[in-house]
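According to the working numbering, the sequence shown is numbered sequentially starting from 47. Notes follow once the structure below has been shown.
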Amino acid sequence: EVGEMASMPRNRIRDFVEGIGAKSSERKRQRNGESAKEALEAAPKPKCVLDLSLGDPTSFGLSPPSSASTALVQCVTQADAHCESGLGFSAKQVHGYQHSQGSLPLRQKLSLEYLRPALASPEDIFITSGCSQALLFALMVITPSRNAKEPVKNVLVPRPCFPLYLTLCEHLGVECRYYDLDPSKGWEVSDIARDLGAKTDGNTVCLLICNPGNPTSHCYGKNHLEDLCRFAAGRNLPIVADEVYADMKFKASSDGEDVERFYTLAEVALERLGSSRPAIFHCGAFSKRFLVPGWRLGWLALYDDANQSMRKANVFRGVSNLCQISMTPNSIVQASAVSMMQNTPPSYFEEMLEMMREGAEYCVKRCASCLGLECMSEPQGAMYFMPKIDLEGFKHLLSGSSSSNGSLGGNEDERWCLALLEEEQVMLLPGSLFGIDSFVRMIVAAPRQQLKEAWDRIEAFCEKYYQHGA
47 EVGEMASMPR NRIRDFVEGI GAKSSERKRQ RNGESAKEAL EAAPKPKCVL
97 DLSLGDPTSF GLSPPSSAST ALVQCVTQAD AHCESGLGFS AKQVHGYQHS
147 QGSLPLRQKL SLEYLRPALA SPEDIFITSG CSQALLFALM VITPSRNAKE
197 PVKNVLVPRP CFPLYLTLCE HLGVECRYYD LDPSKGWEVS DIARDLGAKT
247 DGNTVCLLIC NPGNPTSHCY GKNHLEDLCR FAAGRNLPIV ADEVYADMKF
297 KASSDGEDVE RFYTLAEVAL ERLGSSRPAI FHCGAFSKRF LVPGWRLGWL
347 ALYDDANQSM RKANVFRGVS NLCQISMTPN SIVQASAVSM MQNTPPSYFE
397 EMLEMMREGA EYCVKRCASC LGLECMSEPQ GAMYFMPKID LEGFKHLLSG
447 SSSSNGSLGG NEDERWCLAL LEEEQVMLLP GSLFGIDSFV RMIVAAPRQQ
497 LKEAWDRIEA FCEKYYQHGA
């Protein structure tokens with residue numbers, strides 16, 4: 047029988063996406079009393095599916111910087127020549143085993159130009175297989191082994207949140223203890239002392255924060271980040287910071303700050319709290335900002351508190367031990383990333399952020415004129431839009447009274463998404479997958495024509511089925 051650590055975790059988005067097609071086809075066939083062959087022959091030619099569900103902009107034809115391809119080719123074909131000229135890497139650095147913590151040139155580059163050198167030295171950085179593994183390592187190193195005789199440990203997790211957090215907690219046998227984000231306040235924690243304070247106890251191992259947010263696309267300013275850091279420091283809790291969307295901020299934060307610059311938790315903690323700062327596990331990756339999710343190249347940076355709590359608890363050694371199991375991502379992408387960082391012009395990021403800003407603003411505008419949908423908080427960063435559905439107005443559709451949709455099953459927002467997919471071939475993700483009902487998530491990092499076509503179909507769907515005051 048499969049071991050418990052392998053049987054417990056579930057990828058909820060993957061389950062939903064992979065299961066939805068087969069279930070939809072079978073429902074249609076059963077409603078019409080057709081055989082599978084008859085249903086296939088009788089089916090009208092469908093519209094092309096507009097999939098705005100997954101956070102991978104490369105699926106819409108968006109590309110990484112040209113420096114990424116150039117770096118890969120040069121690292122593979124010219125490694126020795128580069129090394130001799132002093133401009134690159136040796137064959138060993140490109141093709142050989144790397145240090146289990148990650149190649150030193152990459153860690154040096156991250157420290158100097160990306161993580162801001164005053165905060166993290168190369169020795170504090172561990173190269174991982176994407177941000178997901180960085181999150182896993184951070185949680186593993188602070189979570190004690192399971193013991194049936196002791197209370198279950200817990201992690202403070204935002205709601206709504208990326209479902210991977212629950213998957214990782216299931217894998218480690220710890221409880222996800224949710225604290226709620228308020229959409230009317232830019233998805234901030236509305237009352238930190240009351241909500242977070244009430245959920246923290248002696249078995250809480252960390253506070254997990256995602257900023258910029260997935261699925262919410264919030265981006266906290268310094269003031270709210272300071273409040274969260276002060277809470278964690280006051281409870282002697284380390285912070286696990288999922289900052290995979292770092293620097294992808296295109297709108298001022300909701301706390302009144304005019305600045306559109308992104309601030310990491312580590313920056314704010316050092317500047318605002320100084321020697322009272324909490325320990326922070328910063329989790330990042332190249333996947334979003336450079337549009338290379340398939341490279342699976344991320345990092346975990348450790349920012350100790352003034353008392354060196356991480357050092358005293360052997361956290362650095364623990365993460366190093368975990369890295370020796372996985373042996374880091376492959377050497378070619380590690381070597382290429384250094385050149386990619388060096389040679390990507392600022393204009394690439396400026397153009398990408400402008401495209402996302404325009405996409406977000408377009409979604410907000412279209413949502414405002416769409417029956418049954420409401421924008422509770424405008425996106426400030428990342429690449430998503432998360433409107434609220436007036437499910438009461440679609441009650442007749444979701445209850446199965448509509449002959450065209452039959453019995454849909456699942457949560458109401460799941461049924462709404464499935465009905466939209468069946469009718470208009472637009473695929474969104476229901477908020478219930480992220481821990482909050484009555485919302486849907488869509489990606490804004492898509493070409494304008496695809497966004498327009500998707501919203502035209504969504505609007506037609508809502509006009510057909512929404513009943514105000516139902």
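Backbone N, C-alpha and C define an ideal beta-carbon position, used for all residues, glycine too. Note that the coordinates shown come from a computational prediction; the quantities given were computed from them, not determined experimentally.
Where does residue i sit, in a helix, a strand or coil, going by DSSP?
i: Pro391; result: coil
i: Lys297; result: coil
i: Ala82; result: Note that Ala82 scores a pLDDT of 43, beneath 50, so its modelled location is shaky; the value from the coordinates is reported in the next line. Reduced to three states, the DSSP call for Ala82 is helix.
i: Ser449; result: Caution applies to Ser449, whose pLDDT of 37 falls short of 50 and renders its modelled position unreliable; the model cannot decide the point.
i: Lys195; result: coil
i: Leu454; result: Unreliable placement is indicated for Leu454, whose pLDDT of 46 sits below 50; no coordinate value is reported for it.
i: Gly427; result: strand
i: Tyr291; result: coil
i: Pro55; result: coil
i: Arg318; result: helix
i: Arg205; result: strand
i: Pro476; result: strand
i: Lys434; result: strand
i: Leu419; result: strand
i: Leu100; result: coil
i: Leu466; result: helix
i: Cys94; result: coil
i: Gly481; result: coil
i: Ser109; result: coil
i: Tyr309; result: coil
i: Ala352; result: coil
i: Lys334; result: coil
i: Ser146; result: coil
i: Arg323; result: coil
i: Gln380; result: helix
Determine the extent of the alpha helix (DSSP H) in which residue i is found, giving its start and end residues.
i: His328; result: Where His328 is concerned, there is no enclosing alpha helix (DSSP H), although the beta strand (DSSP E) it sits in stretches over Ile326 to Ala331.
i: Pro151; result: Leu150 to Glu159
i: Val48; result: Looking at the DSSP string, Val48 is not in any alpha helix (DSSP H), and its letter there is neither H nor E.
i: Arg357; result: Ser355 to Lys358
i: Cys265; result: Neither: Cys265 is in no alpha helix (DSSP H) and is coded neither H nor E.
i: Tyr211; result: Leu210 to Leu218
i: Cys222; result: Run containing Cys222: none in the alpha helix (DSSP H); it sits in the beta strand (DSSP E), Glu221 to Asp226.
i: Cys121; result: Ser112 to Thr123
i: His141; result: Ala137 to His141
i: Ala166; result: No alpha helix (DSSP H) contains Ala166, which DSSP labels as neither H nor E.
i: His442; result: Lys441 to Leu444
i: Gly340; result: Note, Gly340: premise wrong, no alpha helix (DSSP H); not H, not E.
i: Ser178; result: Gly176 to Ile188
Please determine, among the options, the residue with the shortest C-alpha to C-alpha distance to residue i.
i: Thr213; options: Phe172, Leu466, Arg56 and Pro110; result: Arg56
i: Leu368; options: Leu181, Met429, Arg205 and Gln495; result: Leu181
i: Phe395; options: Glu169, Val490, His141 and Pro110; result: Pro110
i: His442; options: Pro392, Tyr512, Gln124 and Leu185; result: Tyr512
i: Gly248; options: Lys268, Cys207, Leu202 and Gly439; result: Leu202
i: Arg318; options: Glu306, Gly280 and Arg276; result: Arg276
i: Met398; options: Tyr349, Leu283 and Phe336; result: Phe336
i: Ala383; options: Trp501, Ser115 and Ile171; result: Ser115
i: Leu150; options: Gly320, Asp459, Arg487 and Ser377; result: Ser377
i: Leu409; options: Cys215, Met488, Leu242 and His141; result: For clarity, residue 409 is Cys in the given sequence; the question names Leu instead. Nearest option by C-alpha distance: Met488.
i: Lys93; options: Phe135, Met473, Lys195 and Val119; result: Met473
i: Val140; options: Gln380, Ser355 and Trp341; result: Gln380
i: Glu196; options: Glu470, Leu108, Val220 and Ala352; result: Val220
i: Ser478; options: Gly364, Ala312 and Phe208; result: Phe208
i: Arg58; options: Leu210, Arg403 and Ser230; result: Leu210
i: Gly176; options: Glu509, Glu313, Leu311 and Val290; result: Val290
i: Pro229; options: Pro391, Asn457, Leu444 and Lys434; result: Lys434
i: Pro258; options: Ala244, Ala292 and Asp226; result: Ala292
i: Arg503; options: Gly427, Val490, Val95 and Arg307; result: Val95
In the DSSP assignment, what are the bridge partners of residue i?
i: Arg240; result: The partner list for Arg240 (beta bridge, DSSP) is empty, contrary to what the question assumes.
i: Ala347; result: Ile171 and His328
i: Thr250; result: Asn200
i: Leu283; result: For Leu283, which the question treats as bridged, DSSP gives no partner whatsoever.
i: Cys256; result: Asp288
i: Glu234; result: Asp228
Starting from residue i, trace the beta strand (DSSP E) in both directions and tell me its first and last residue.
i: Gly364; result: Careful: Gly364 lies outside any beta strand (DSSP E), inside the alpha helix (DSSP H) at Val361 to Ser372.
Verify the CB distance criterion: does residue i have a CB-CB separation below 7 Å to chain D?
i: Met186; result: No chain D is part of this structure, which consists of one protein chain only.
Hey, is residue i close to the ligand ZN, as in C-beta under 6 Å from one of its heavy atoms?
i: Leu419; result: Absent from the structure shown: the ligand ZN. Ligands present: none.
Runs of alpha helix (DSSP H) lying entirely within the segment 483 to 512, each at least 4 residues, in chain order = The alpha helix (DSSP H) runs lying completely inside the segment 483 to 512 and spanning 4 residues or more are 494 to 511, given in chain order.
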